[in-house]
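**Q**
Residue numbers (my numbering): 38 to 343.
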């Protein structure tokens, strides 16, 4: 009898846990959906008739971005198209069957581009040096060329609020510039428009949502052993701040959206003699990882680094 009761209690406990997980998932989805919708509206990211290319790496951020955009597409006031694209960089051991299977189950149009950038990175980057910079340039250059060839009007990347803040600090600490990855970036040559729909969303919310949704995450083994990356140091600093000083990261992000040129010191943004704002410097190419040393020119793909 006691065993029967215990078994019943286990079933009840399991059902309650499943319900609580579902409730949490729904709350997170609503939050991410609301934040993404707000970012799209605030920065005019998606317009009627757009063909949006979601760049999937197999990581939590790009999975969440595609999931939320598909959800928004169903009830959006304007009609737009979504396609998913992944670049198979031929990293040893890369599980190439995971993304095609996942995307086929979704029923979305998708493309897998096969380019051996792994060998280029291994050949060009000295042992012990950070691979992210060159890997990123090659990857994104290929994706952006693909977008132009296939009539894509917007290229969606999965960078979130924490990425924007981390890049701000990286540029200040190591690049001597006050800049980050913008929610929308138009290239001067008119070839590409990049959008970051998760710009308002917190990484910890995305990570939890990805776990609840059980996305088939594919780790990046190319740089997984590079534990001392500058970005990782900044990330750990932010995590400590978030625990010790709740609200600090939110306040920092608000500052990104509330800039006063007259209270900085850039004469390209503000004419201190006349007391008026100026046009500033327009830059089409933005680096997500500022380099400490000048980098080699690796060809045409380098110019589309974002």
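For glycine and all other residues, C-beta sits at the position ideal for the given N, C-alpha and C. As the structure is a prediction and not an experimental result, all values here were calculated from the model.
What is the rounded straight-line gap between the Cα of residue 321 and the Cα of residue 214?
**A** Summary for residue 321: the model assigns pLDDT 42, below 50, so the residue's position carries little reliability; its value from the coordinates is reported in the next sentence. In a straight line, the C-alpha of residue 321 is about 15 Å away from that of residue 214.
**Q** Which residues in the same chain as residue 206 place their Cβ atom closer than 7 Å to its Cβ, once the five residues preceding and following it in sequence are excluded?
**A** Cβ neighbours of residue 206 beyond the five flanking positions: 271.
**Q** To the nearest angstrom, how far is the alpha carbon of residue 230 from that of residue 246?
**A** Going by the C-alpha atoms only, they are around 27 Å apart.
**Q** In chain order, what residues of the same chain lie with their CB nearer than 7 Å to the CB of residue 315, ignoring the 5 residues before and after it?
**A** Cβ neighbours of residue 315 beyond the five flanking positions: 305, 306, 307, 308.
**Q** If I measure Cβ to Cβ from residue 87 and keep anything under 6 Å in the same chain, skipping five residues before and after, which residues do I get?
**A** The answer, listed in chain order, is 117, 190, 191.
**Q** According to the Cβ coordinates, are residue 198 and residue 238 closer than 8 Å?
**A** Yes, Cβ-Cβ distance for residue 198 and residue 238 is below 8 Å.
**Q** Which residues in the same chain as residue 109 place their Cβ atom closer than 8 Å to its Cβ, once the five residues preceding and following it in sequence are excluded?
**A** If we look at residue 109 and ignore the five residues flanking it on each side, its Cβ neighbours are 70, 73, 74, 77.
**Q** Does DSSP classify residue 53 as helix, strand or coil?
**A** The answer is helix: DSSP assigns residue 53 an H, G or I state.
**Q** Is the beta carbon of residue 221 less than 8 Å from the beta carbon of residue 180?
**A** Against a cut-off of 8 Å, the Cβ pair of residue 180 and residue 221 comes out as no contact.
**Q** Can you list, in chain order, the residues of its chain with a C-beta nearer than 6 Å to that of residue 158? Leave out the 5 residues immediately preceding and following it.
**A** Only 168, 171, 172 meet the Cβ criterion.
**Q** Tell me which residues share the same chain as residue 196 and place their Cβ nearer than 6 Å to its Cβ, disregarding the 5 neighbours each side in the sequence.
**A** Cβ within range, chain order: 218, 233.
**Q** Assuming residue 252 and residue 202 are in contact, meaning their beta carbons sit under 8 Å apart, how far apart are those beta carbons, in whole angstroms?
**A** Their Cβ separation, rounded to whole angstroms, is 24 Å, which puts residue 252 and residue 202 out of contact at 8 Å.
**Q** From residue 56 to residue 49, what does the alpha carbon distance come to, in whole angstroms?
**A** Going from the Cα of residue 56 to the Cα of residue 49 covers about 11 Å.
**Q** Where does residue 97 land, buried or exposed, given buried means 16+ other C-beta within 10 angstroms?
**A** It is buried - the Cβ of residue 97 has at least 16 other Cβ atoms within 10 Å.
**Q** Could you give the distance in angstroms between the alpha-carbon of residue 91 and the alpha-carbon of residue 105?
**A** Taking the straight line from one Cα to the other gives about 11 Å.
**Q** By the DSSP assignment, the alpha helix (DSSP H) with residue 90 in it spans what residues?
**A** Per DSSP, residue 90 belongs to no alpha helix (DSSP H); it is in the beta strand (DSSP E), 88–93.
**Q** Report the rounded CA-to-CA distance for residue 216 versus residue 266, giving the unit in angstroms.
**A** Answer to the nearest angstrom: the Cα atoms are 19 Å apart.
**Q** Helix, strand or coil for residue 266, going by three-state DSSP, please let me know.
**A** In this structure, residue 266 counts as coil in the three-state DSSP scheme.
**Q** Counting along the chain, where does the beta strand (DSSP E) carrying residue 232 start and finish?
**A** Residue 232 -> beta strand (DSSP E) spans 230–232.
**Q** Roughly how many whole angstroms lie between the Cα atoms of residue 129 and residue 162?
**A** So the alpha carbons of these two residues sit roughly 17 Å apart.
**Q** Just tell me which of 177, 188, 223 has its CA closest to the CA of residue 124.
**A** Nearest C-alpha to residue 124: 177.
**Q** Straight-line CA distance for residue 136 to residue 160?
**A** Answer to the nearest angstrom: the Cα atoms are 27 Å apart.
**Q** Looking at the unbroken alpha helix (DSSP H) that takes in residue 136, where does it start and where does it end?
**A** Taken as a continuous stretch (DSSP letters only), the alpha helix (DSSP H) holding residue 136 covers 135–143.
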